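In my numbering, the protein residues as written are 1314 to 1553. Cβ coordinates follow ideal geometry from the N, Cα and C atoms, glycine included. This structure is a prediction, so every number in the text was calculated from the model and none was measured. A quick write-up on the structure given underneath.
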């Protein structure tokens, strides 16, 4: 068998540039969608498919890959589809009209995903932190990181951390939206993600920095969310 690293299919796709190129909201929101899979089995999962699911599936097909599931970082419509700012964003509900695949979420996010997308529990695969999703020989660890939403999760795969809106290269997800919790965000950043090594490459949910990725070491050194030395100082600075 070839080395697993050689099997890994990993693609970072920017909304408004790599897909949904005629969608002004997609261009404005600068969301990243990720495709993670096994080249040997030609299977991949899509992380946070929104705006243009046909275009995303076509991207996989162009690489001779097929979608075997979805990993959702959290329930916000720019990540899974639904209504936002009076606009309806295409997402997992539209994808399920084309293919029947599981939508992998943290258990705490189920009710929110139901409400925002209309996708029923029969299509949702609910998980706990530490669960592993395998795509062929590629193992993806699910890390529950509440704070931005109750069921926010990150995905750790072969030296890469796909972090959704939990952690950006600069800053972290908002904690003043429904379901957000600044105390939980501090716990997620300082303790739940402490297991992630410095040489892991962080891939965020939006392009809010010039760079599209950076090591955790560089992120921890430069990102202001890691500057406070105590929990109390962090909450005084970042709780909104």
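Would you give the residue range spanned by the alpha helix (DSSP H) that residue i belongs to?
i: residue 1549; result: 1544-1551
i: residue 1531; result: 1529-1535
i: residue 1424; result: 1423-1430
i: residue 1470; result: Per DSSP, residue 1470 belongs to no alpha helix (DSSP H); it is in the beta strand (DSSP E), 1466-1470.
i: residue 1337; result: 1337-1342
i: residue 1391; result: 1390-1393
Report yes if the CB atom of residue i is closer than 8 Å to the CB atom of residue j, and no otherwise.
i: residue 1368; j: residue 1333; result: yes
i: residue 1414; j: residue 1388; result: no
i: residue 1523; j: residue 1485; result: no
i: residue 1336; j: residue 1518; result: no
i: residue 1496; j: residue 1548; result: yes
i: residue 1344; j: residue 1391; result: yes
i: residue 1492; j: residue 1463; result: yes
i: residue 1511; j: residue 1528; result: yes
i: residue 1363; j: residue 1393; result: yes
i: residue 1503; j: residue 1475; result: no
Could you compute how far the alpha carbon of residue i sits from the alpha carbon of residue j?
i: residue 1534; j: residue 1331; result: 30 Å
i: residue 1323; j: residue 1395; result: 26 Å
i: residue 1500; j: residue 1490; result: 18 Å
i: residue 1470; j: residue 1382; result: 16 Å
i: residue 1317; j: residue 1432; result: Residue placement at residue 1317 cannot be trusted, given a pLDDT of 47 that sits under 50; what the coordinates show is reported in the next sentence. Each residue's Cα considered, the two are about 34 Å apart.
i: residue 1375; j: residue 1546; result: 49 Å
i: residue 1406; j: residue 1359; result: 14 Å
i: residue 1342; j: residue 1384; result: 19 Å
i: residue 1270; j: residue 1403; result: Past the boundaries of the shown model lies residue 1270; the chain is included only from 1314 to 1553, so the question cannot be answered.
i: residue 1424; j: residue 1532; result: 32 Å
i: residue 1450; j: residue 1550; result: 43 Å
i: residue 1325; j: residue 1440; result: 24 Å
i: residue 1465; j: residue 1505; result: 12 Å
i: residue 1321; j: residue 1479; result: 24 Å
i: residue 1530; j: residue 1482; result: 11 Å
i: residue 1467; j: residue 1498; result: 13 Å
i: residue 1421; j: residue 1477; result: 16 Å
How should residue i be labelled, buried or exposed, when 16 other C-beta atoms within 10 angstroms of its C-beta is the threshold for buried?
i: residue 1272; result: Any property of residue 1272 remains undetermined from this structure, which presents the chain solely from 1314 to 1553.
i: residue 1411; result: exposed
i: residue 1543; result: exposed
i: residue 1553; result: exposed
i: residue 1314; result: Because residue 1314 sits at a pLDDT of 30, beneath the cut-off of 50, its placement in the model cannot be relied upon, and the following sentence gives the value as read from the coordinates. Exposed is the call here.
i: residue 1400; result: exposed
i: residue 1525; result: exposed
i: residue 1536; result: buried
i: residue 1447; result: exposed
i: residue 1319; result: exposed
i: residue 1507; result: exposed
i: residue 1398; result: exposed
i: residue 1445; result: exposed
i: residue 1435; result: exposed
i: residue 1371; result: exposed
Where do the ends of the beta strand (DSSP E) carrying residue i lie?
i: residue 1438; result: 1437-1440
i: residue 1475; result: 1473-1475
i: residue 1448; result: 1445-1448
i: residue 1417; result: 1416-1419
i: residue 1403; result: Residue 1403 -> no beta strand (DSSP E), and no H or E assigned at all.
i: residue 1457; result: 1451-1457
i: residue 1324; result: 1321-1327
| task | Could I get the ranges of all uninterrupted alpha helix (DSSP H) runs contained in the region 1478-1533, with 4 residues as the minimum, in chain order? | result | Counting whole runs of 4 or more residues, the region 1478-1533 contains the alpha helix (DSSP H) stretches 1495-1500.
| message | Could you tell me which whole beta strand (DSSP E) segments of length 3 or greater appear in the region 1346-1381? | response | Secondary structure in the region 1346-1381: the beta strand (DSSP E) runs of 3 residues or longer, each lying completely within the stretch, are 1356-1360 in chain order.
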